[in-house]
Each structure stands twice: as C-alpha cells, then as structure tokens.
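> The structure follows.
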Amino acid sequence: MKKTLFLLLLLLGFFHAKAQVPDSTRQDSTKQIDQKLLDSLQASILLDSVEIVPQALNIKGWLLLNETIMDELSGAVDNMYNFKFEKAERQFKSLRRRYPSHPMPYFLLGLSNWWKMVPSNINDTRFDEVFLAYMDTTITLAEDLYDKDNKNLEAAFFLSAANGFGARLHSERKNWRKAAIMSKEALEYLQKSRKANGLSDEFLFGEALFNYYAVWIHEHYPLLRPVLFFFPKGNKKLGLQQLQQVAFNGFYTGTEAKFFLMKIYANDSRNGSAAMALSQYLASTYPDNPYFQRFYARMAFSEGNFGVAEQLSLQILEKINQKVFGYEAISGRYASFFLGYIHQHRTRDLAKAKAYYQQCISFAEQSGEKESGYYISSFVNLARISDKEKNVKQAKQYYETVVKLSDSKSASEKEARAYLRKNKRDQ
689 MKKTLFLLLL LLGFFHAKAQ VPDSTRQDST KQIDQKLLDS LQASILLDSV
739 EIVPQALNIK GWLLLNETIM DELSGAVDNM YNFKFEKAER QFKSLRRRYP
789 SHPMPYFLLG LSNWWKMVPS NINDTRFDEV FLAYMDTTIT LAEDLYDKDN
839 KNLEAAFFLS AANGFGARLH SERKNWRKAA IMSKEALEYL QKSRKANGLS
889 DEFLFGEALF NYYAVWIHEH YPLLRPVLFF FPKGNKKLGL QQLQQVAFNG
939 FYTGTEAKFF LMKIYANDSR NGSAAMALSQ YLASTYPDNP YFQRFYARMA
989 FSEGNFGVAE QLSLQILEKI NQKVFGYEAI SGRYASFFLG YIHQHRTRDL
1039 AKAKAYYQQC ISFAEQSGEK ESGYYISSFV NLARISDKEK NVKQAKQYYE
1089 TVVKLSDSKS ASEKEARAYL RKNKRDQ
C-alpha cells in the first residue's frame, strides 16, 4: 500500500527528491550567474515538444491566461519565492476579494503556505491546517466550475494541482487513505487538463513531471515496475524538454520547473554545470529563500567552489542567528559542515573546524537527522583532528560514536574500526 502511494506521489511530481551531490576537489570559482549556460538550456527546447493549441475552448474567465493579472501578480509571485510571504499574501488576498468564487487565489495562498514548509523538508507541521484549508477550498471551487462546464480545463488544472499537493502533505503525515484518494483525483484531472497544454506552459507543467518521473521510477525502483503497468506510459526525454520549456516560459510555474530541473540535473553527473547554473540563478534571484541558498551552497561545495560555499554558509548562519524566517537547523547543518571542512582542509584552522563540526552535530540533533551523512562525517573529522592533535583518547571516543551511527561495512565504519583496533591499548 505504501509503495503504491509512493509511486502515485512521485508520478504527480510532488516528490521533492534530495539531490545527491558528489564530492569534488576542484578549486574554481563561480561568482556571476552563468547566463550563457542558462541561454543554452533555453535554446535546447525542441519544437516537437510544443503542444498543439486546442480548438473550440471557451477560455472566458480563465485567470491563468489573464495577462493583466499576470502583470499584477508578478511581484507577488517573486515575493513568495523570496520568502516575503506577508507581501505576497496581501496581493493574493486582493485577488481573492475580486474573484471570491475562483480557485486561483486560494491555490496561491495554499502554495505560499507550502513554501513555508519547504526549508524543513516538509517536516514543519505549523502550517498544515491553513495549507489544507486553502487546498480544500481550491478543490471545492474548481469542482463547481468543472461541474458547470466539463470543458473548463483551467478548473481541471486546479483540481489536479490542489489534490496533488494535498496528497503529498497527507503522505508526509502518514495519512495514507487521504493521500490515496487525493492522488487518484490528481491523476484523473491531470489527464483531463492536458488538453489545454498548448494554451499555456502552466498547463504543461504537470504532464512534464509525469513524463519524466514515470520513467525515472521505472529505472530506479525495479520492485515498482509491475504497478507501472496500470499507469500511462512516460517519456523521460520529452518530460525533460517540457520542463525546460515551462522553466523558461511559465509565469506561475516557471520557478517550480527550475526547482525540479535543478534537482534533476544535480542527480546527473553529466549535467553538473547546468545544476550549478540553475541553483546559482535561483539563489541570486531569491536571496532570502533558505532552500535555494543551501542548495547553491551544496553545489558550490561539491564543485570545489569553496569561496562561494564559505560566503553562503556564513550568510546562512547569520540569518539563523537573526531568526530570519525559514532559516533553521537543517540549513545550519549544511552550512556548519561546509565551514568545518573548509577550515580543516583549506585554512588549516583546526580550532574553527572543530567548532563548526560541533555546531553541525548540534543542528543535526535539533532537526532529528542523526543518520545524515554530514552528522556522521562531523564525528569522523573530529576524530581525525583529535588524532592529528595526538589526543588518541578523544579520537577513540569520536570513532566509537561513528561505529554506533554508521552502516555496517561503510567507509566510515571501516575507518573507525581500524583506528580502534590499532589503538586498542592506548588510553
């Protein structure tokens, strides 16, 4: 049951996979947005990915296609992604006053509350109630519109999106029955709304994610392949092209598409430079978005851009100290580890390195992430520093912790056991 739900949510595109960023020792620097690379990504959109505009659709009253509203909300959407929620929601509520029976303002208000949870990897439950209330209202109003006119594909779009986001949150909270029901509804309306893909790239976003992740799941989760038989076939190459199209042309969904592209590219070693360019663009465009900041810091660190990683990490820790909204223990864990590593291996300031590794451990314990690689690696590096300082007793204590935390036969566990065997008689 849980595996089937996991599949449904992945196919809907609301699975925010954590990019696995490989270690690197390259020392180059990236301080300016790589506009040429972004332009080349945009130019890679193929003509055969452009949808045919549907005929005989009455789009009167569709707010997604209203250019006046787009102009009005451009600042609000940017404010939302830059974590200026109060400003963004003021404009969304103004739209709601003028269109109280349309699902769009409620969906945007719900999306605003969703992004309040993103930095915590959706673990922050403070916004669950208000988020679900907005999505429920979106669904109710969209159902009313769709019942009156089953050719209202904008209503189908909001039904798919709101059910999809609701399913994602319910799955995070282990409300499996609700997640299953909403997942089914989201997939059903996704199929219906796709007829409007040619009208706007906003509509194309859902299909792009479906096309990509349907194949991605088949490749990475062999045990789920039998279940895929019951779903439409995906097209990974087309899905990626469609995501690129939405990323550079979508108004409401453009940033979401860049967000997914960034993570997809980060998981593919062949596209590391593209992931770096997108993470840099998002972090520079939305400097107060903690998720974008820490992702860019991770990319810079993994690519060996230690100057950039250090600057971003210090900014993250400063915002945590200032209690800036969204900057919390998870971001602190990343930043502290990067700074510890930089001072250990680059500046050779072992006192600072130890302090940052201890801070990383503290942040990981605050966020309940004792199984994270950075948590375990902090103990490994503290042990190495202790050994370098001839403090064998302290090194052994750290390595004993590593043995308890690490997976059997992992590199960290092997290193710890080897050191403990070698220094078994040392006190």
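In my numbering, the protein residues as written are 689 to 1115. For glycine and all other residues, C-beta sits at the position ideal for the given N, C-alpha and C. It should be emphasised that the depicted structure is a prediction, and the values quoted were computed from it without experimental measurement.
In angstroms with no decimal places, state the Cα-to-Cα distance between S1100 and V1090.
So the two alpha carbons sit approximately 7 Å from each other.
> Can A849 and T826 be called in contact, C-beta distance under 9 Å?
Against a cut-off of 9 Å, the Cβ pair of T826 and A849 comes out as a contact.
> Pick helix, strand or coil for V1012, following the three-state DSSP scheme.
The answer is coil: DSSP assigns V1012 none of H, G, I, E or B.
> Since S881 contacts L820 with CB under 8 Å, what's their CB separation in whole angstroms?
Contact flag wrong, Cβ pair sits at about 22 Å.
> At least one CB of chain C closer than 9 Å to the CB of D835: is that the case?
Included in the structure is just one protein chain, with no chain C present.
> Expressed to the nearest angstrom, what Euclidean distance is found between the alpha-carbon atoms of I952 and K946?
Approximately 10 Å between the Cα atoms of the pair.
> By DSSP, does E890 sit in helix, in strand, or in coil?
E890: helix per DSSP, three-state reduction.
> Should the segment 889-905 be called in touch with the segment 920-927, which here means at least 3 C-beta pairs below 8 Å?
Yes: at least three Cβ pairs fall under 8 Å.
> Would you give the residue range spanned by the alpha helix (DSSP H) that F1067 belongs to?
It spans 1061-1076 - the alpha helix (DSSP H) in which F1067 sits, taken as one unbroken run.
> Taking only runs of the alpha helix (DSSP H) that begin and end inside the segment 917-960, which ones reach a length of at least 4 residues, in chain order?
Runs found: 924-937, 942-954.
> On a Cα-Cα basis, can you pick out the residue from R785, D759, K1084, N851 that is closest to A874?
Nearest C-alpha to A874: N851.
> Counting pairs of Cβ atoms below 8 Å between the segment 1051-1064 and the segment 1021-1034, do you hit three or more?
Touching, per the Cβ criterion.
> Please list the terminal residues of the continuous alpha helix (DSSP H) segment that includes E777.
Where E777 is concerned, the enclosing alpha helix (DSSP H) stretches over 773-786.
> Measuring alpha carbon to alpha carbon, tell me which of G1056, Y1022, L928 ends up nearest Y1044.
Among G1056, Y1022, L928, the Cα nearest to that of Y1044 is on Y1022.
> Would you report the Cα separation of R1072 and A954, rounded to the nearest angstrom?
Near 30 Å, if we compare the C-alpha coordinates of A954 and R1072.
> Would you call the segment 983-998 and the segment 964-972 in contact, with 3 or more CB pairs under 8 Å?
The segment 983-998 vs the segment 964-972: in contact.
> In angstroms with no decimal places, state the Cα-to-Cα distance between Q999 and D835.
One C-alpha to the other measures close to 53 Å.
> Excluding sequence positions up to five away, which residues of its chain have a Cβ less than 7 Å from the Cβ of G854?
So the list reads L820, M823, M870, once near-sequence residues are dropped.
> Going by DSSP, what residue range makes up the alpha helix (DSSP H) through Y1045?
That run of the alpha helix (DSSP H) goes 1038-1054.
> Taking only the alpha-carbon atoms, compute the straight-line gap between S1001 and W750 and give it to the nearest angstrom.
Whole-angstrom Cα-Cα distance: 43 Å.
> Among S1055, I1030, K1112, S1066, whose alpha-carbon lies nearest the alpha-carbon of S1094?
Here the closest residue by C-alpha is S1066.
> What is the rounded straight-line gap between the Cα of Y1086 and the Cα of I1049?
One C-alpha to the other measures close to 12 Å.
> From P791, A935, A1017, Q1046, pick the residue whose C-alpha is nearest to that of E1057; which is it?
With distances taken between Cα atoms, E1057 lies closest to A1017.
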